[in-house]
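One line per chain: the protein sequences are A and B, in this order.
FYI, the numbering for the first sequence is 352 to 464, going by my numbering.
FYI, the numbering for the second sequence is 352 to 464, going by my numbering.
Built from N, CA and C at the ideal position, the CB exists for glycine as well.
Only a predicted model underlies this, so the values are computations on that prediction, with no experimental measurement involved.
Number of protein chains: 2
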Amino acid sequence: MTPERPPYTAVIFTSQRSTPTPEDGYDDTAQHMEELARRQPGFLSMESARTAEGFGITVSYWRSAQHVRAWKQVTEHLQAQHRGAHEWYTDYTVRVTTVERHYGAQTGRTAPR
Amino acid sequence: MTPERPPYTAVIFTSQRSTPTPEDGYDDTAQHMEELARRQPGFLSMESARTAEGFGITVSYWRSAQHVRAWKQVTEHLQAQHRGAHEWYTDYTVRVTTVERHYGAQTGRTAPR
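Set out below in structure tokens:
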């Protein structure tokens, strides 16, 4: 759960990886971008999942859309966006959303090891 | 890309699976719920990814928040929500959001086989 009451901003980034190669630099850049995002003003949290077929969803949470706009323009992030569009993804979509409400639960079931 | 101009509604559902067993019924129910969702009024599209560690993100897109509220109350869906909370997930979060803008590209890179 994000440490904030709605409304806050969620950015839904979906992508299909092109054929990965060990030396294409994707993993290093993705890790570095996550570390960089976590240091930006207004950052709240981030979560990701990717299927074995290379389809991925990353959602990042921010205090406001203004914070997202600032993050989009960070120089290293611009370079990573360029490589994503030209090297790493066959297609991608970015959706900037306002979270209107959220709810959830820790259910007490046994977690996987 | 969703076949709709913003604003439309995106529901971000994140979940951590409890230890799966072959007979716990999760896969059948998840597939059935997706088929059922696709037949609901206002449904636009749905996409999912889950990590090997059982953390998953499913995003479903709808014409409006009213359509999402109606889907939440469909009897079979209520039963699945109950089993999710009591059997299948160690924790989960639902976020109902309004998509303010979206953009993306098909980049022409080679798709994985």
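Problem - T365 (chain A) versus E374 (chain B): straight-line alpha-carbon distance, rounded - result: Here residue 365 (chain A) refers to the residue found at position 14 when the first sequence is read from its first residue. Here residue 374 (chain B) refers to the residue found at position 23 when the second sequence is read from its first residue. Roughly 31 Å separates the two Cα atoms.
Problem - Any chain A beta carbon closer than 9 Å to S415 (chain B) - result: Position 64 of the second sequence, counting from 1, holds the residue named residue 415 (chain B). The beta carbon of S415 (chain B) sits no closer than 9 Å to any beta carbon of chain A.
Practice task
Look up E451 (chain B) in the DSSP assignment and say whether it is helix, strand or coil.
Solution key: Along the second sequence, one-based indexing puts residue 451 (chain B) at 100. Note: E451 (chain B) maps to strand in three-state DSSP.
Problem - Beta-carbon proximity check, V447 (chain B) vs L387 (chain B), cutoff 9 Å - result: Translated into the one-based positions of the second sequence, residue 447 (chain B) becomes position 96. Translated into the one-based positions of the second sequence, residue 387 (chain B) becomes position 36. Contact flag unset, no.
Practice task
Kindly indicate if chain A contains any beta-carbon less than 9 Å away from that of T402 (chain B).
Solution key: Mapped onto the second sequence, residue 402 (chain B) falls at position 51. Nearest CB-CB separation between T402 (chain B) and chain A: below the 9 Å threshold.
Practice task
Would you verify that the beta carbon of P463 (chain B) is, or is not, closer than 9 Å to some beta carbon of chain A?
Solution key: Reading the second sequence from its first residue, position 112 is the one you call residue 463 (chain B). Below a pLDDT of 50, predicted positions are generally treated as unreliable, and P463 (chain B), at 48, falls in that range; no measurement from the model is reported.
Exercise for the section: Check each residue of the segment 369-388 of chain A: if its Cβ is closer than 7 Å to any Cβ of chain B, include it; give the result in chain order. Expected result: Those would be S369, T370, in chain order.
Exercise for the section: May I ask you to report which of helix, strand or coil DSSP gives T444 (chain B)? Expected result: Translated into the one-based positions of the second sequence, residue 444 (chain B) becomes position 93. Looking at T444 (chain B) - three-state DSSP - the assignment turns out to be strand.
Exercise for the section: Just confirm the distance between the C-beta atoms of V450 (chain B) and Y359 (chain B), as a whole number of angstroms; I'd bet it's less than 8 Å. Expected result: As a position in the second sequence, residue 450 (chain B) is number 99, starting the count at 1. As a position in the second sequence, residue 359 (chain B) is number 8, starting the count at 1. Contact holds; Cβ gap of about 5 Å.
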